[in-house]
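Sequence order for the protein chains is A and B. Just so we're aligned, residue 87 is where the first sequence starts under my numbering, counting upward by one. Just so we're aligned, residue 1167 is where the second sequence starts under my numbering, counting upward by one. Inspection log for the structure reproduced underneath, given as structure tokens.
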Amino acid sequence: MAEIKYQTKPLDIWNEGKALRQQYYENYAKAHEKGGIRWAGGAWAYSAVPAGLGDDVWSLTGEPYGASVAFDKKFAARCHEAIEAKGFARDLCAYLRNYLGSIVLDEYVFGGKFPKPDFQWTTHICCSHAKWYQIASELEGGTPLFCIDVSTGLYQDFDERRREYVVNQLLDGINWLEKITGRDYDDEKLIQAVYNECEATSLWAEICAMNKTIPAPLDEKTMYSLYVFGTIMKHRPEAVAFYRKLRDEVQVRVDNKIAAVGNEQRRVITDTQPPWGFLEVFRYLESYGVVSVGSLYTFSLIGAWEVKDDGTWGPKTTPQEQGIDITTRRQALEILADWTHARPEWQHFYSAQKKSDMMLRIVREWQVDGVLLHYNRGCEGLSLNIAENRLAFKEAGVPVLPFEGNMGDEREFDLERTKKAVDSFLELLGVK
Amino acid sequence: MITAGIDFGAKNVKMVILDDGKIAGRGSTLTGFDLKIAVKDASEMALKAAKLKLDEIAHITETGIGQGSVEFAADSVSEVGANAKAGVKLLPSARTIIDVGAEEARAVKCDESGDMKDFVVNERCAAGAGAFVEAMSRALEVELEQMGPMSLKATEAVPMNAQCTVFAESEVVSLIHAQTPKPNIARAIHDAIAERVISMVRRLGITEDILLVGGLAYDVGFVDAMKRGLGVEVHVPEFPEYVSAYGAALIAQERAKE
Ligand code: SF4
Chain A
87 MAEIKYQTKP LDIWNEGKAL RQQYYENYAK AHEKGGIRWA GGAWAYSAVP AGLGDDVWSL
147 TGEPYGASVA FDKKFAARCH EAIEAKGFAR DLCAYLRNYL GSIVLDEYVF GGKFPKPDFQ
207 WTTHICCSHA KWYQIASELE GGTPLFCIDV STGLYQDFDE RRREYVVNQL LDGINWLEKI
267 TGRDYDDEKL IQAVYNECEA TSLWAEICAM NKTIPAPLDE KTMYSLYVFG TIMKHRPEAV
327 AFYRKLRDEV QVRVDNKIAA VGNEQRRVIT DTQPPWGFLE VFRYLESYGV VSVGSLYTFS
387 LIGAWEVKDD GTWGPKTTPQ EQGIDITTRR QALEILADWT HARPEWQHFY SAQKKSDMML
447 RIVREWQVDG VLLHYNRGCE GLSLNIAENR LAFKEAGVPV LPFEGNMGDE REFDLERTKK
507 AVDSFLELLG VK
Chain B
1167 MITAGIDFGA KNVKMVILDD GKIAGRGSTL TGFDLKIAVK DASEMALKAA KLKLDEIAHI
1227 TETGIGQGSV EFAADSVSEV GANAKAGVKL LPSARTIIDV GAEEARAVKC DESGDMKDFV
1287 VNERCAAGAG AFVEAMSRAL EVELEQMGPM SLKATEAVPM NAQCTVFAES EVVSLIHAQT
1347 PKPNIARAIH DAIAERVISM VRRLGITEDI LLVGGLAYDV GFVDAMKRGL GVEVHVPEFP
1407 EYVSAYGAAL IAQERAKE
């Protein structure tokens, strides 16, 4: 076991984050009691757009909800059984199965009946996304559904034509929202939500960039609980306020060398969602002083990044920092579309090479010694190309450990076998 | 100095005792359900062969699946780490050591000191390991020990698309019904396992010399399939199933000196 070299302490903001998350899921469930609106959709949906319907509009985003289900292994198993009994295959997205199973059981993982949304508002980027809410809608007895096709290719090709393709769908979507809710749409609220989303997602990147420091102020399993606000409410002022506070606290940790893991001696990154029910693997690594400082997934699932003048990755400059005054609906949607499609985590749907390049950049800039690649059977989207990424690491001489599993279905994860492979990896890293 | 390595395999527990680096005794027993009894039996066998008592051993290192189950072990090492160490000792030019045991296949790339440089382990499936041959020998109604020699008598390569033990078994049954000669089926089985193992090893990159260890290295049909599949020479040491335990004993020796 590695010796303690750095002081460490829990995050002061931890409980606040926990309460904020709980409150959010409760607000969604109880929205109708106060005359509010509920909608459901993917975590990558253009959530700032329904915000134009009012401040009392709450969303349930499917992937973080699916992850919450996965934490509760017994409930997850019941969800899988329920949806598989309806004929859905076991190799589909595990979040989708958790989510749909929860509808079939009519149980909300946070207690009570499953709170059906008033409408579904989502985007299509992987093949599960494309069917998820259609099926949810059918299971719920016909919830109105609006999908935005975002398969516009790499950001480098996101020209005006492609942006128009997205913006026109969003404009149609706003008309649709007005029609199905009977509410007037408020452009001012949309504009504020766009500012919020840009700031929250840029702040998250700023926080992740601080993990370039040795010792890392944050470990990845903690970051999993923190990026969640970018997946459930990235457009809301609460997310901005939380990330501002978190950024300030992490800065203090960096300045005072307060480590996430006091015995840090090697730094690794991972890829894709972890097997949520088995985060103890991270603790096992940490017992040998091996800390996971993040991943392309954790950094950029929601984080907005750009290449800075010195050639390194840093938080993307927000429209407000650029002095851009958003005044119209169209302008707001154009900025939002451009911001969204630049997201690094979307690029690898189109190019294995791009993903490898981004991961190798992280290895260099975050001073990483090795990589754990989760061959995640639960997510065809994010595990796309992962075997090619392994080859890229190998060519670059970066130690890499692939392990098989599933982010949300424990039947496909073998803890003991994984730990055994991790043992060999620890030896390879020279810490065991 | 006397050291020992104990390897907890899925099928057998093996122990190797070294006296100043030379093998003084070996012991092996079926793992069974009671791990403590298996450890006791294997160690008694090795101690008897070495004419030693347990408390005369300066350092014992364990490896294998049941790590933590050997009360008298001082520490542990992974199988790949142990294989790298032992492989280079047994064949100094070895740079890739492939270990195919009952339930698992693994490979390690190492340097001239026997230090691990990279490794791979097989996925969660027995179709690339010894348990597969056992299941198939039952389907063929052939003694396990006869599978290898029989395979070498094959006159024709029969393709087998087996992805897993369960499907492979039904494929073997179909081949039997199609009156395919048993030697040809035996070779098809060995080729199927070798193909899986080789595709795993290719992820590491094939660096010669190659040493094949683990229980399946006793099977001449499998060794032949590996040679044909890899297209290079495959070396097999004496007592291939003891290599991990031997490596653990070598590591015990290094650690005892530290
Ligand atoms: S990207 Fe993964 S988690 Fe998201 S919908 Fe697709 S398969 Fe599911």
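Every residue, glycine too, gets a C-beta built ideally from N, C-alpha and C. Bear in mind the structure is a predicted one, so any value in this text is a computation, not a measurement.
Residue-level contact to chain B via CB, residue i, 8 angstroms cutoff
i                      : result
residue 146 of chain A : no
residue 514 of chain A : yes
residue 510 of chain A : yes
Closer than 7 angstroms: residue i CB and nearest the ligand COA heavy atom
i                      : result
residue 313 of chain A : Inclusion of the ligand COA in the displayed structure is not the case, the ligand content consisting of the ligand SF4 alone.
Under 7 angstroms from the C-beta of residue i: neighbouring residues of chain B
i                      : result
residue 507 of chain A : 1287
Residue span of the alpha helix (DSSP H) that contains residue i, given as start and end
i                       : result
residue 472 of chain A  : 472-481
residue 280 of chain A  : 273-295
residue 184 of chain A  : 180-191
residue 341 of chain A  : 323-341
residue 218 of chain A  : 213-225
residue 165 of chain A  : 159-170
residue 1204 of chain B : 1201-1216
residue 388 of chain A  : Here residue 388 of chain A belongs to no alpha helix (DSSP H), and DSSP marks it neither H nor E.
Within chain A, the residues that residue i reaches when beta carbons sit closer than 9 angstroms
i                       : result
residue 1282 of chain B : 510, 513 and 514
Continuous beta strand (DSSP E) stretch holding residue i: start and end
i                       : result
residue 266 of chain A  : Not the beta strand (DSSP E): residue 266 of chain A falls in the alpha helix (DSSP H), residues 246-267.
residue 439 of chain A  : Careful: residue 439 of chain A lies outside any beta strand (DSSP E), inside the alpha helix (DSSP H) at 438-451.
residue 488 of chain A  : 486-491
residue 392 of chain A  : 391-393
residue 125 of chain A  : 123-127
residue 405 of chain A  : Premise fails: residue 405 of chain A is in no beta strand (DSSP E) and is neither H nor E.
residue 1180 of chain B : 1178-1185
residue 209 of chain A  : 205-210
residue 1356 of chain B : Careful: residue 1356 of chain B lies outside any beta strand (DSSP E), inside the alpha helix (DSSP H) at 1348-1368.
residue 504 of chain A  : Where residue 504 of chain A is concerned, there is no enclosing beta strand (DSSP E), although the alpha helix (DSSP H) it sits in stretches over 501-514.
residue 352 of chain A  : 352-356
> In the stretch 1242-1276 of chain B, which residues sit with their C-beta less than 9 angstroms from some C-beta in chain A, listed in chain order?
Replying inline: 1242, 1243, 1244, 1245, 1246, 1247, 1270, 1272 and 1274
> For the stretch 1203-1233 of chain B, which residues have a beta carbon sitting closer than 8 angstroms to at least one beta carbon of chain A?
Replying inline: 1231 and 1233
> When the Cβ atoms of the stretch 112-125 of chain A are set against those of the stretch 147-155 of chain A, are three or more pairs found closer than 8 angstroms?
Replying inline: no
> Should the stretch 1213-1228 of chain B be called in touch with the stretch 1237-1249 of chain B, which here means at least 3 C-beta pairs below 8 angstroms?
Replying inline: yes
>> Three Cβ pairs or more, each shorter than 8 angstroms: is that satisfied between the stretch 89-103 of chain A and the stretch 178-185 of chain A?
In response: no
> Quick one: any contact between the stretch 1337-1349 of chain B and the stretch 1304-1324 of chain B, if contact means 3 or more CB pairs under 8 angstroms?
Replying inline: yes
>> Three Cβ pairs or more, each shorter than 8 angstroms: is that satisfied between the stretch 261-271 of chain A and the stretch 313-333 of chain A?
In response: no
> Using 8 angstroms as the threshold, is the stretch 480-492 of chain A in touch with the stretch 1192-1211 of chain B, meaning 3 or more CB pairs across them?
Replying inline: no
> Any chance the stretch 371-378 of chain A sits against the stretch 344-360 of chain A, with 3 or more Cβ pairs inside 8 angstroms?
Replying inline: yes
> Pairing CB atoms from the stretch 415-432 of chain A with CB atoms from the stretch 241-253 of chain A, are three or more of them under 8 angstroms?
Replying inline: yes
> If we count Cβ pairs, one from each stretch, closer than 8 angstroms, do we get three or more for the stretch 466-482 of chain A versus the stretch 434-448 of chain A?
Replying inline: yes
>> Assess contact between the stretch 1184-1201 of chain B and the stretch 1404-1412 of chain B, defined as three or more Cβ pairs (one per stretch) separated by less than 8 angstroms. Is contact present?
In response: yes
>> Three or more C-beta pairs under 8 angstroms: does that hold for the stretch 1413-1422 of chain B against the stretch 1380-1390 of chain B?
In response: no
> Taking three-plus beta-carbon pairs below 8 angstroms as touching, is the stretch 204-213 of chain A in contact with the stretch 119-132 of chain A?
Replying inline: yes
>> Can you confirm whether the stretch 1368-1378 of chain B touches the stretch 1395-1405 of chain B when touching is taken to mean that 3 or more C-beta pairs between the two stretches lie within less than 8 angstroms?
In response: yes
>> Between the stretch 278-289 of chain A and the stretch 416-425 of chain A, can you find at least three pairs of beta-carbon atoms closer than 8 angstroms?
In response: yes
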